[in-house]
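Enquirer: Here it is: the structure, laid out below.
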Amino acid sequence: MAGRMVVGSAALADLVRPASAPDPTGSHRVLPVTPELTGLLPHRGLRRGSTVAVTVGQPRRSGGTSLVLALLAEASRAGSWCAVVGVPTFGAGAAAELGIALDRLALVPHPGPQWPTVVAALIDGVDVVVTAVPHTVSAPVADRLAARARQRGCVLVPYGRWTGADVTLQVVRGVWEGLGPGRGRLRRREVTVSVRGRGAAARPKEITMWLPGDGLTRVVPRAAPAVPAAPVGPRPGGFTVVGSG
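Position in the sequence shown (first residue = 1) + 1279 = my numbering.
What follows is the structure in structure tokens.
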């Protein structure tokens, strides 16, 4: 199975027209996400018109692709059209396993120099557009695409370095589960995702979850500034602080 491969401007126009057709999910201002991700997003989902960036950690296979797939899964399952641009290694099989509907998934693996035009056209007719960010993209082009997404009610998900996103997500740690001593099979990954942004997402935080998910998350608060230790000695009530040296 594979998503709908888009090659050439004519094929892109044919895709955008049906994707733009009225559909019952189109009126919802917030597209759903899996339970693991609700705590990451200020509206507990993908707000139409917003830009949600997924930055690439170090090393590059730090779990960013799994996070992108998880962001798409529930919206796609609910009926939204999705597109992935500039990610030739995107795995349609892995997408299908997570519940992404391949008949509503457009893939443009190699947009070439027409990248801004391709992304802009998809924003006009697709609910969620994931795009790898070229190194050559300028700030004015990025700003125009984000403004177009706001106007059209599309969720733009840049995959890579992007300035000015409403929300920025990054996998900062990850541990695989399933491998034993010398044998086993990778089943899932425990990841810690940091989130920062603007407005309701202005307060940075981290959430630890499983990808693929199991519905369990835990919030990891930012460490509080260290408080100088009080002098050792008697306290009111007769208690004494005892050092642990």
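Quick reminder that beta carbons are idealized off the backbone N, C-alpha and C, glycines included.
Closest by CA to GLY1476, which one among VAL1312, TYR1438, LEU1320 and LEU1310?
Expert: Within the sequence shown, numbered from 1, the residue matching residue 1476 stands at position 197. Closest option to GLY1476, Cα to Cα, is LEU1320.
Enquirer: Could you spell out where the alpha helix (DSSP H) holding VAL1347 opens and where it closes?
Expert: On the sequence shown, position 68 is the one that residue 1347 refers to. Where VAL1347 is concerned, the enclosing alpha helix (DSSP H) stretches over 1343 to 1356.
Enquirer: Ordered along the chain, which non-local residues of its own chain (more than five positions away) have a Cβ less than 6 Å from that of VAL1388?
Expert: Here residue 1388 is taken as the residue at index 109 of the sequence shown, counted from 1. In the sequence on display, residue 1388 carries Pro and not Val. Non-local C-beta neighbours of PRO1388 in its own chain, meaning closer than 6 Å and more than five positions away in sequence, comprise PRO1367, ordered along the chain.
Enquirer: Thinking VAL1335 and ALA1362 are a contact (beta carbons under 8 Å), I'd like their distance in whole angstroms, please.
Expert: Locating residue 1335 in the sequence shown gives position 56, where the first residue counts as 1. Locating residue 1362 in the sequence shown gives position 83, where the first residue counts as 1. Actually they do not touch by this definition, with Cβ atoms about 19 Å apart.
Enquirer: Determine the direct distance from the alpha carbon of GLY1439 to that of TRP1394, and round the result to whole angstroms.
Expert: The residue you call residue 1394 lines up with position 115 of the sequence shown. The residue you call residue 1439 lines up with position 160 of the sequence shown. Approximately 14 Å between the Cα atoms of the pair.
Enquirer: Please state the DSSP three-state secondary structure of ASP1493.
Expert: Translated into positions along the sequence shown, residue 1493 becomes position 214. A caution first: ASP1493 carries a pLDDT of 49, below 50, which makes its placement in the model too unreliable to give a value.
Enquirer: Classify ILE1402 as helix, strand or coil using the three-state DSSP reduction.
Expert: Taking the first residue of the sequence shown as 1, we reach residue 1402 at position 123. Helix, per DSSP.
Enquirer: Could you have a look at GLU1485 and say whether DSSP puts it in helix, strand or coil?
Expert: Numbered from 1 along the sequence shown, position 206 holds the residue referred to as residue 1485. GLU1485 carries a strand assignment under DSSP once its states are collapsed to helix, strand and coil.
Enquirer: Look up PRO1419 in the DSSP assignment and say whether it is helix, strand or coil.
Expert: For this step, residue 1419 is matched to residue 140 along the sequence shown. Of the three classes helix, strand and coil, the one that applies to PRO1419 here is helix, per DSSP.
Enquirer: From GLU1315 to ARG1356, what does the alpha carbon distance come to, in whole angstroms?
Expert: Here the question's residue 1315 lines up with position 36 in the sequence shown. Here the question's residue 1356 lines up with position 77 in the sequence shown. Answer to the nearest angstrom: the Cα atoms are 16 Å apart.
Enquirer: Would you say THR1330 and ASP1445 are within 8 Å of each other, going by their C-beta atoms?
Expert: Residue numbering aside, residue 1330 sits at position 51 when the sequence shown is read from its first letter. Residue numbering aside, residue 1445 sits at position 166 when the sequence shown is read from its first letter. For THR1330 and ASP1445, yes; Cβs fall inside 8 Å.
Enquirer: What residue does the alpha helix (DSSP H) around GLY1374 start on, and which one ends it?
Expert: Counted from its first residue, the sequence shown places residue 1374 at position 95. The amino acid occupying residue 1374 in the given sequence is Ala; Gly does not appear at that position. Where ALA1374 is concerned, the enclosing alpha helix (DSSP H) stretches over 1371 to 1376.
Enquirer: Taking the alpha carbon of THR1313 as the point to measure from, which residue in ILE1379, ALA1371, GLY1342 and ALA1385 has its own alpha carbon closest?
Expert: Within the sequence shown, residue 1313 is the residue found at index 34, counting from 1. Of the candidates ILE1379, ALA1371, GLY1342 and ALA1385, the residue whose Cα lies closest to the Cα of THR1313 is ILE1379.
Enquirer: Go ahead and pull the three-state DSSP assignment for ILE1386.
Expert: By 1-based counting over the sequence shown, the position of residue 1386 is 107. Reading off the sequence, residue 1386 comes out as Leu, not Ile. DSSP places LEU1386 in strand when its eight states are reduced to three.
Enquirer: What does DSSP give as the partner residues of VAL1450 in its beta bridges?
Expert: Within the sequence shown, numbered from 1, the residue matching residue 1450 stands at position 171. In DSSP, VAL1450 forms a bridge with VAL1472.
Enquirer: Mind checking which residues open and close the beta strand (DSSP E) that includes LEU1320?
Expert: As a first step, residue 1320 is located in the sequence shown; it is residue number 41 there, counting from the start. Neither: LEU1320 is in no beta strand (DSSP E) and is coded neither H nor E.
Enquirer: Going by beta carbon distance, what residues of the same chain come within less than 8 Å of SER1359, once the five residues before and after it are set aside?
Expert: Looking up residue 1359 in the sequence shown gives position 80. The residues are THR1304, LEU1310, ARG1383, ASP1406 and VAL1407.
Enquirer: Can you name the residues that DSSP bridges to LEU1435?
Expert: Position 156 of the sequence shown, counted from the first residue, corresponds to residue 1435. According to DSSP, LEU1435 bridges with THR1330 and VAL1408.
Enquirer: Determine the extent of the beta strand (DSSP E) in which ALA1362 is found, giving its start and end residues.
Expert: For this step, residue 1362 is matched to residue 83 along the sequence shown. Unbroken beta strand (DSSP E) run through ALA1362: 1361 to 1364.
Enquirer: Please state if the CB of VAL1364 and the CB of LEU1401 are separated by a distance shorter than 8 Å.
Expert: In the sequence shown, the residue the question calls residue 1401 occupies position 122. In the sequence shown, the residue the question calls residue 1364 occupies position 85. Between LEU1401 and VAL1364, the CB-CB gap stays under 8 Å.
Enquirer: Kindly list the residues whose CB is nearer than 8 Å to the CB of ARG1501, restricted to its own chain and excluding five residues on each side of it in sequence; keep chain order.
Expert: Reading the sequence shown from its first residue, position 222 is the one you call residue 1501. Reliability of the predicted coordinates at ARG1501 is poor, the pLDDT of 48 falling under 50, and no value is obtained from them.
Enquirer: Just the Cα atoms here: how many angstroms apart are THR1344 and VAL1397?
Expert: Position 65 of the sequence shown, counting from 1, holds the residue named residue 1344. Position 118 of the sequence shown, counting from 1, holds the residue named residue 1397. One C-alpha to the other measures close to 21 Å.
Enquirer: Quick one, which of ARG1431, GLY1324 and LEU1346 has its alpha-carbon nearest GLN1449's?
Expert: As a first step, residue 1449 is located in the sequence shown; it is residue number 170 there, counting from the start. Out of ARG1431, GLY1324 and LEU1346, LEU1346 has the C-alpha closest to the C-alpha of GLN1449.
Enquirer: With the cut-off set at 8 Å, would you say LEU1381 and ALA1373 are in Cβ contact?
Expert: Counted from its first residue, the sequence shown places residue 1381 at position 102. Counted from its first residue, the sequence shown places residue 1373 at position 94. No, Cβ-Cβ distance for LEU1381 and ALA1373 is not below 8 Å.
Enquirer: Tell me, please, which residues DSSP counts as bridged to LEU1325.
Expert: In the sequence shown, residue 1325 corresponds to position 46, counting from 1. LEU1310, per the DSSP bridge assignment.
Enquirer: Drop a sphere of 10 angstroms on the beta-carbon of GLU1353, count the other beta-carbons inside from all chains shown, and report buried for 16 or more, exposed for fewer.
Expert: For the purposes of this step, residue 1353 is taken as residue 74 along the sequence shown, with counting starting at 1. Under this definition GLU1353 is a buried residue.
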